[in-house]
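Here the structure comes first, spelled out in structure tokens, and everything after it is commentary.
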Amino acid sequence: MSEKRIEELRRQIQYYRDAYYQENQSLISDYDYDLLERELKSLELAHGVAEGSPTVLVGGKASEVFAPVKHLTPMMSLDNAFSEEEFLAWSQRAGGGPFLCEPKIDGLALSITYENGVLVKAATRGDGETGEDVTQNVLTIQGVPHRLSGSNHPAVIEIRGEVYFPLKAFEKLNADLVAAGKPPFANPRNSASGSLRQKDPAVTASRPLRMLVHGFGSFEGLNTQSEVYQLLESWGLPTTKQFAVAQDATSAYKFITQLSQKRHDLEHEIDGVVVKVDELSRQRELGATSRAPRWAIAYKYPPEQVNTKLLDIKVSIGRTGRATPFAVLAPVKVAGSEVEFATLHNQDQVRAKGILIGDTVVLRKAGDVIPEILGPVVALRNGSEREFVMPTHCPECSFELAPAQEGDVDLRCPNAESCPAQLRERIAYIGSRAALDIEALGYVSATALTQPLEPSQPPVQSEADLFDLTLEKLLPIRAYVLDPDTGLPKHDADGNPKIVDFFRKKDGSPAEVALKLLANLEEAKTRELWKILTSLSIRHVGPVAARALCNEFGSIEKILQASEDELSQVDGVGPTLASSIKDWYQESWHQRIIERWKASGVQLEIPDFAGPVLTDGIFSGMTIVVTGSMQSMTREDAEAKIIAQGGKASSSVSKKTSFVVAGPGAGSKLAKAEELGIEVIDEATFIARLAS
Ligand code: IVH
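In the numbering used here, the protein residues as written are 38 to 729.
This is the structure:
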């Protein structure tokens, strides 16, 4: 059994290596590849290693396009650690610190030979013994010195380092490719490798490749790895600024976790940290296996780029009716979390990415950024893949999809009033932080409130119904149990969707969520006006425009009744937005929302609205404190004038206070202002400033 598995693993590993080193193709994610190697190694531990097994060989083999170069010192690989435990175990084996820690650059390995300080040869790693001659190409890489600076150059030295494609340049390259309707590169490393291994060095020269060096073949007279870097730098070679010497394994591990936070701020992609025993004499003592040194380890971060199957492309309908294709993926772990869906934005993006349903695709999730499909692994197609066809009708209400305006890429479901998807999304949006921030009204509650499920009819058939909810209306609601991650119904063992009483406990009494929802809704009725306006899901009216409009008009009814001209005069409100508001209010069911909300006690105006606050008033952006008594006005009058001029009237002095207006009788606030060195003016000066 294990014999067979060993054979299979060896074959697979060799196949993936050939594709990777010869064709610049990642047919499998790095992470899954590492796991294969690891499985093979542990099996070989029990059953013995055969000569020629990929576990004793390094990398690929040189392609025929370039002349072979025999390395003076072999180019080795690194062993991996995937957890703190594995890392600490290695540190023990290596005899502890001090360690030199540095980023593991996700690029391609290069060896450069300098003779008496002059660059004479540059080669890829190849199989570790023999690489490819890429000298002419490397001469075009910015930052790689053709002649070393400084002095004391050895007669012959092989410098080792990593060539990479800077991230910003890579993103631009991919954006340009997508814009031109071409498939993007799978990752920066593939494009670095592809750019370097060009028959015509002029092509390499046109790509913004960079290099960082991290060691050399052999050199006498130095004591530590950190000294090696100083020397390399003094010769004008590019070394990383991100390295540190850690005294022990604990602080080395700290470096590993800290760098993972900064992972995306570096100029190049990294896939982990390389930790090296710093003392060169100890490095020599520890030596190497046939493939990797014992004095160094690569700590690998969770992968941010994986391959997975694209099972299907479906279409979701958003709160403004936009139809968005999204990928349904074979669930896969990426950047530490499981991903099953990825947005594809619109049908043009699907085409531009060149993906077919059934493809193996490259999925990337960088930190907290939403997961993105980069493209297909074309080499793995078997002919059963099929093209995605954008549906012509809404998947939830069957209305015909259409662009809102001629020439729009996005298709929309025009059935705004009763498309169940649009209603559900709008209700969930009302509960979201951007709008009314109603804790008990998340996506799951919004679905329960709106989905038509026998025997009960949904009590929310329009947002008009939302603030009229009562316990009597909530208690009968039954709902599908939704998976919180996917938003899709869960099923029981027989494959039927699970249905439960959503707002009622087993004994018939109200569930906590019911009471909470009603209490939350009551509070939400008096939210700031701009939040209430935002919650109406009027196209183009987001929080920023809503603030500007509310500040100007002070009431939602006034906004809705204003002319397009009046609306577009507000700062930050253009004609598109103005006409969108007018269109919205023309619908009678929208007018009904306003009426019903008003009748339920939703506050549709700013209390005591005293006219617009100037955003370009003489005090805008300032915080001003009035203290003591005034002669020609009350303190409240003074504060009203400050607010009318765009300032903020505060009652306490702090470092943030712009200035203090002090009249007779001012006490502790005046003292505080003086202590903090904040400007203090009297009433006459204040009046003069108002008039200026
Ligand atoms: S030191 C004997 N330092 O990762 C090999 N390697 O997976 C000592 N790599 O072959 C290598 N960043 O091409 C070292 N800071 C770094 C590195 C680094 C990337 C590459 C190198 C190595 C491969 C092993």
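Here a beta-carbon is modelled for each residue, glycine too, at the ideal position from N, C-alpha and C.
If you're wondering where the values come from, they're calculated on a predicted model, not measured in any experiment.
Heavy atom of the ligand IVH within 7 Å of residue i beta-carbon
{"i": "V311", "result": "yes"}
{"i": "G12", "result": "What the structure shows of the chain is the stretch from 38 to 729, and residue 12 is not part of that stretch, so it cannot be assessed."}
{"i": "K299", "result": "no"}
{"i": "L506", "result": "no"}
{"i": "I142", "result": "yes"}
{"i": "E88", "result": "no"}
{"i": "L46", "result": "no"}
{"i": "M113", "result": "yes"}
{"i": "E711", "result": "no"}
{"i": "P451", "result": "no"}
{"i": "A333", "result": "yes"}
{"i": "P362", "result": "no"}
{"i": "P368", "result": "no"}
{"i": "A13", "result": "There is no way to answer for residue 13, as the model of the chain reaches only from 38 to 729."}
{"i": "E166", "result": "no"}
{"i": "P330", "result": "yes"}
{"i": "E139", "result": "yes"}
{"i": "E169", "result": "no"}
{"i": "E24", "result": "There is simply no residue 24 to check, as the chain begins at 38 and stops at 729 in what is shown."}
Beta-carbon separation (whole angstroms), residue i vs residue j, contact threshold 8 Å
{"i": "A471", "j": "T571", "result": "6 Å"}
{"i": "T671", "j": "A699", "result": "The pair is not a contact, with the Cβ atoms about 15 Å apart (cut-off 8 Å)."}
{"i": "S232", "j": "R244", "result": "4 Å"}
{"i": "F504", "j": "L552", "result": "Contact doesn't hold; Cβ gap of about 16 Å is too wide."}
{"i": "G683", "j": "D653", "result": "7 Å"}
{"i": "A516", "j": "T563", "result": "Their Cβ separation, rounded to whole angstroms, is 29 Å, which puts A516 and T563 out of contact at 8 Å."}
{"i": "D396", "j": "L347", "result": "5 Å"}
{"i": "S263", "j": "V282", "result": "6 Å"}
{"i": "A286", "j": "G133", "result": "7 Å"}
{"i": "L147", "j": "A416", "result": "That pair is no contact at about 25 Å."}
{"i": "R449", "j": "A360", "result": "6 Å"}
{"i": "E199", "j": "I142", "result": "4 Å"}
Reduced DSSP category for residue i - H, G, I as helix; E, B as strand; rest coil
{"i": "F207", "result": "helix"}
{"i": "V650", "result": "coil"}
{"i": "R633", "result": "helix"}
{"i": "K370", "result": "strand"}
{"i": "C587", "result": "helix"}
{"i": "F124", "result": "helix"}
{"i": "E169", "result": "strand"}
{"i": "T694", "result": "coil"}
{"i": "Y70", "result": "helix"}
{"i": "Y52", "result": "helix"}
{"i": "Y338", "result": "coil"}
{"i": "N224", "result": "coil"}
{"i": "I43", "result": "helix"}
{"i": "P644", "result": "coil"}
{"i": "E549", "result": "helix"}
{"i": "L739", "result": "Not covered by the structure: residue 739. The range shown for the chain is 38 to 729."}
{"i": "K562", "result": "coil"}
{"i": "G218", "result": "coil"}
Close beta carbons around residue i, own chain, < 8 Å, minus the five adjacent residues each side
{"i": "E169", "result": "A99, S100, V102, F103, A104, P105, V106, A160, T161, G163 and R234"}
{"i": "D674", "result": "M667"}
{"i": "P3", "result": "Residue 3 lies beyond the range of the chain shown here (38 to 729); nothing can be said about it."}
{"i": "H577", "result": "T613, L614 and S617"}
{"i": "P489", "result": "P457 and P495"}
{"i": "I407", "result": "A379 and T380"}
{"i": "G711", "result": "Before going further, note that residue 711 is Glu rather than Gly in the sequence given. The answer, listed in chain order, is V717."}
{"i": "K351", "result": "P362, F363, V365 and P432"}
8 Å Cβ cutoff, residue i in contact with chain D
{"i": "D447", "result": "The displayed structure is made up of one protein chain only, and chain D is not part of it."}
Residues near residue i in its chain [Cβ-Cβ closer than 7 Å; skip 5 each side]
{"i": "E341", "result": "V371, A372, R401, K402 and A403"}
{"i": "I718", "result": "F696 and V698"}
Beta-carbon proximity list for residue i, same chain, < 6 Å, skipping 5 on both sides
{"i": "K535", "result": "V518, K527 and D529"}
{"i": "P368", "result": "E375 and E377"}
{"i": "Q320", "result": "V314 and W332"}
{"i": "S687", "result": "T660 and V662"}
{"i": "G702", "result": "G665 and S666"}
{"i": "R633", "result": "A501"}
Length at least 3, wholly inside the stretch 366-438: the beta strand (DSSP E) runs in chain order: With a minimum length of 3 residues, the continuous beta strand (DSSP E) runs that stay inside the stretch 366-438 are 374-380, 397-401 and 409-413.
Residue ranges of each alpha helix (DSSP H) run of no fewer than 4 residues wholly in the stretch 260-314, ordered along the chain? Runs of the alpha helix (DSSP H) inside the stretch 260-314: 262-271 and 286-299.
Which full runs of the beta strand (DSSP E) of 3+ residues lie inside the stretch 512-546, going along the chain? 515-517 and 536-538
Sequence ranges, beta strand (DSSP E) only - wholly within the stretch 117-166, length at least 3: 136-142, 145-152 and 155-161
Quick check on the DSSP output: what are the complete beta strand (DSSP E) runs of length 3 or more inside the stretch 463-511, in order along the chain? none
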